[in-house]
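Data first, discussion second: the structure below is written as structure tokens.
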Amino acid sequence: MLSTESAAQTQAAAQTQAISLKPQPWRWSHPRVLVEHPNEATGLEIASGLRFAGYAVGICPGPHGRRQCPLTGPAGCAPAHDADLIVCSLGYEHETARAVLHELRTRFPEKTLLVETPSDMDAGLHELLDGCHQLPAPASPEQIVAAVRNLSGHVAEEGNADA
Amino acid sequence: MRNPFYSEQEAFRLVLVLVLATLAIVLAAAVGPTWLAPVVLALALGAVAIRWARLRMRKLRGLELPVKMAPPHVGPAAERRVLVVANDTLGEDALLGELVRLASTPDTRVLLLAPALISPMSRLTGAVDGLLDQTRARLQSTLDRVGHESALAGEISQAEPLEAIEDVFATFSPDEVIISTRWEHAASGLQPQLASLVRERFAVPVRHLVFEPGTAAQEPDGETDARYRHDVGEAAARRFGLRALASAGIGAAVLMSMAALIQSGERQEARAASQAAAERAAAAPPVATQVSLSVIPEYKRGPEGEKHDAFTVTEFTVRVGRPQTLRIDNTDSVPHSITAPAAGVNIVLMPGVHTYTLIVRRAGTFLWFCTFQCDEWAMQHPGYMSGYITAS
Numbered sequence: 004m005l006s007t008e009s010a011a012q013t014q015a016a017a018q019t020q021a022i023s024l025k026p027q028p029w030r031w032s033h034p035r036v037l038v039e040h041p042n043e044a045t046g047l048e049i050a051s052g053l054r055f056a057g058y059a060v061g062i063c064p065g066p067h068g069r070r071q072c073p074l075t076g077p078a079g080c081a082p083a084h085d086a087d088l089i090v091c092s093l094g095y096e097h098e099t100a101r102a103v104l105h106e107l108r109t110r111f112p113e114k115t116l117l118v119e120t121p122s123d124m125d126a127g128l129h130e131l132l133d134g135c136h137q138l139p140a141p142a143s144p145e146q147i148v149a150a151v152r153n154l155s156g157h158v159a160e161e162g163n164a165d166a
Numbered sequence: 228m229r230n231p232f233y234s235e236q237e238a239f240r241l242v243l244v245l246v247l248a249t250l251a252i253v254l255a256a257a258v259g260p261t262w263l264a265p266v267v268l269a270l271a272l273g274a275v276a277i278r279w280a281r282l283r284m285r286k287l288r289g290l291e292l293p294v295k296m297a298p299p300h301v302g303p304a305a306e307r308r309v310l311v312v313a314n315d316t317l318g319e320d321a322l323l324g325e326l327v328r329l330a331s332t333p334d335t336r337v338l339l340l341a342p343a344l345i346s347p348m349s350r351l352t353g354a355v356d357g358l359l360d361q362t363r364a365r366l367q368s369t370l371d372r373v374g375h376e377s378a379l380a381g382e383i384s385q386a387e388p389l390e391a392i393e394d395v396f397a398t399f400s401p402d403e404v405i406i407s408t409r410w411e412h413a414a415s416g417l418q419p420q421l422a423s424l425v426r427e428r429f430a431v432p433v434r435h436l437v438f439e440p441g442t443a444a445q446e447p448d449g450e451t452d453a454r455y456r457h458d459v460g461e462a463a464a465r466r467f468g469l470r471a472l473a474s475a476g477i478g479a480a481v482l483m484s485m486a487a488l489i490q491s492g493e494r495q496e497a498r499a500a501s502q503a504a505a506e507r508a509a510a511a512p513p514v515a516t517q518v519s520l521s522v523i524p525e526y527k528r529g530p531e532g533e534k535h536d537a538f539t540v541t542e543f544t545v546r547v548g549r550p551q552t553l554r555i556d557n558t559d560s561v562p563h564s565i566t567a568p569a570a571g572v573n574i575v576l577m578p579g580v581h582t583y584t585l586i587v588r589r590a591g592t593f594l595w596f597c598t599f600q601c602d603e604w605a606m607q608h609p610g611y612m613s614g615y616i617t618a619s
């Protein structure tokens, strides 16, 4: 249906122009899930499943190339800060990914983390994952969405408390 | 209201910098010369501007990690929502075919968004209605040709394309976005780089379909897509750089104007001060550079009719701190003096003609008298062997 009422359109346009495009994340309400996944297509698949399950989603590819993860720097990461649940699928055999996970644990000790874990974990990773919800890697997008849904009662309670 | 900070540390750092800068400015204004406070203010503003510009340039060039976002799906679980963004390609048959295909797919809702692409100049001159009418007509024509009213809706927007898409995410919450452009950007059309921007911002699948007259829809390959993405960053950085340069120029002009105003104010104050001094000097009695006088015994008759020793000049006018030459002929056989303890003056006048220097270090009118034993009555009466020194 095409709206042809010019006054209404002008008003709507004025409203849209007032919206800033500053990179402030999470314009949508809870529950919010941040997916950390290095693969863009898989990340989108997981995000799609989560969106249809009723979650606002964010996808972060994690640190790669010359890009440093802001979470490991002094600036911090607002999407992670404001997320109700974080899906960590960065592949924790890499040191940079472990550093991100370590920062998540340190900065947000109360945050619900769902971590996709490799089958052969060393002692360091075992210690780092203590208290996290774990999912054996490789997990399919459907498995990840199902795991998030299983944790959703907890997440929804936190979200409602924050809202 | 959106919080512009990424972290508490960032907010705390800004507060700390602001407090320190304010302290420096206040301190400079309180104890420094007049020009110091604006200079400190300019330095503080410059430092903040440079930091902000560096962060912005880094962001525009894509050096920061992109976190894509998307709202929850809206509507029945089985329903798929597709947002199609088009403007100059609205009349293309291939796009119409794609719209028909989407709208006829079961459980699919399509929103066709046509940004009116109003340039800043058009906004400035108010030439907006014509562009809106053109876009509305083009969109209506496309919707009429496609049909499928129940599955296909249209919307125009005056906002920038990316802002318009962001707004649609808030209301329609698409599950997929299709950006329809030409291969190259035309003045009246959508930029092909828009697809890259949407892909970087939203956590939904984004397809870029290129339509040229008479051809089927095509999708850019990876290389073309990378070029578009690079162009977006470079163009934005270039635009930002130009704006930053212009802002710096304006800022420098404002600061120079401020400095000129302060300087002219100081000059005016100095001029006023020198004028006031000149006026004071003009109002003061004239000062001779050299005064000649004599000390003569029994020179002047007193009120009782007797003749008394006297100076021929007993009133001296001097400038504070400036020496005045006195040429004195002491015709007596003994010394006399001009002594004014309050003015710090004690000049002993030997018999004969001699030149002396009279200096008074502070302003005022001071009584002087002769301290050598001579005519006792004359020593106590101004106009004889006593008088006044006026220093201004």
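Here the protein sequences come in this chain order: C and Y. For the first sequence, counting from 1, position 132 maps to 135 in our numbering; every step adds exactly one. For the second sequence, counting from 1, position 346 maps to 573 in our numbering; every step adds exactly one. Think of the CB as a built atom: it goes at the ideal place given N, C-alpha and C, for glycine as much as any other residue.
query, result
"LEU117 (chain C), enclosing beta strand (DSSP E) - first and last residue", "115-120"
"Where the beta strand (DSSP E) containing MET296 (chain Y) begins and where it ends", "295-297"
"THR249 (chain Y) versus ALA269 (chain Y) - alpha carbon distance", "12 Å"
"Where ASP556 (chain Y) falls: helix, strand or coil (DSSP)", "strand"
"Touching by the beta-carbon criterion (3+ pairs, under 8 Å), the region 330-343 of chain Y and the region 307-314 of chain Y", "yes"
"Inter-residue Cα distance where the pair is ARG409 (chain Y) and ALA276 (chain Y)", "38 Å"
"Proximity of PHE171 (chain Y) and MET612 (chain Y) at Cβ, strictly below 8 Å", "Because chain Y here runs from 228 to 619, residue 171 (chain Y) falls outside it and cannot be looked at."
"For VAL151 (chain C), three-class secondary structure by DSSP", "helix"
"Partners in chain Y for CYS91 (chain C), counting only beta-carbon separations shorter than 7 Å", "Correct list: empty, because the minimum Cβ distance to chain Y is about 14 Å."
"Selection from Y:LEU254, Y:LEU247, Y:ASP602 that minimises the alpha carbon distance to ASP271 (chain Y)", "The sequence shown places Ala at residue 271 (chain Y), not Asp. Of the candidates Y:LEU254, Y:LEU247, Y:ASP602, the one whose C-alpha sits nearest the C-alpha of ALA271 (chain Y) is Y:LEU247."
"Coarse secondary structure for LEU421 (chain Y), derived from DSSP in three states", "helix"
"Residue from C:ALA142, C:LEU128, C:ARG152 with nearest C-alpha to GLU98 (chain C)", "C:LEU128"
"Short CB-CB distance (under 8 Å) between VAL103 (chain C) and chain Y", "no"
"Chain-ordered neighbours of VAL148 (chain C) on chain Y, where CB pairs are closer than 8 Å", "Those do not exist, as VAL148 (chain C) stays about 12 Å from chain Y at its closest Cβ, beyond 8 Å."
"Stretch-stretch touch, CB-based, cutoff 8 Å, three pairs: the region 343-353 of chain Y with the region 366-380 of chain Y", "no"
"Rounded straight-line distance, which links the Cα of THR261 (chain Y) to that of ILE616 (chain Y)", "40 Å"
"Whole-Å CB distance - ARG365 (chain Y) paired with GLY416 (chain Y), under 8 Å assumed", "Not a contact, Cβ separation roughly 11 Å."
"Cβ contact check for the region 41-52 of chain C and the region 111-124 of chain C: 3 or more pairs under 8 Å", "no"
"Residue-chain proximity (PRO144 (chain C), chain Y), Cβ-Cβ < 8 Å", "no"
"For ASP602 (chain Y), the three-state DSSP class (helix, strand or coil)", "coil"
"Residues within the region 405-436 of chain Y neighbouring chain C, beta-carbon criterion of under 8 Å", "ALA430, VAL431, PRO432"
"Limits of the beta strand (DSSP E) - the one that PRO524 (chain Y) falls within", "517-528"
"Among C:PRO34, C:ARG35, C:ASN42, nearest to PRO144 (chain C) - alpha-carbon criterion", "C:ASN42"
"Every unbroken alpha helix (DSSP H) within the region 291-340 of chain Y, with a cutoff of 4 residues, ordered by chain", "320-330"
"Chain C within 8 Å of VAL294 (chain Y), Cβ atoms only", "yes"
"Per-residue DSSP class, three states only, for ASP458 (chain Y)", "helix"
"Extent of the continuous beta strand (DSSP E) to which ARG35 (chain C) belongs", "35-39"
"Coil, strand or helix - PHE399 (chain Y) by DSSP", "coil"
"Cβ neighbours of PRO73 (chain C) in the same chain (closer than 8 Å, five flanking residues each side left out)", "GLY79, CYS80"
"Within chain Y, partners of ARG54 (chain C) - CB distance below 9 Å", "ALA297, PRO298, PRO299, HIS300, SER400, ASP402, ALA430, VAL431"
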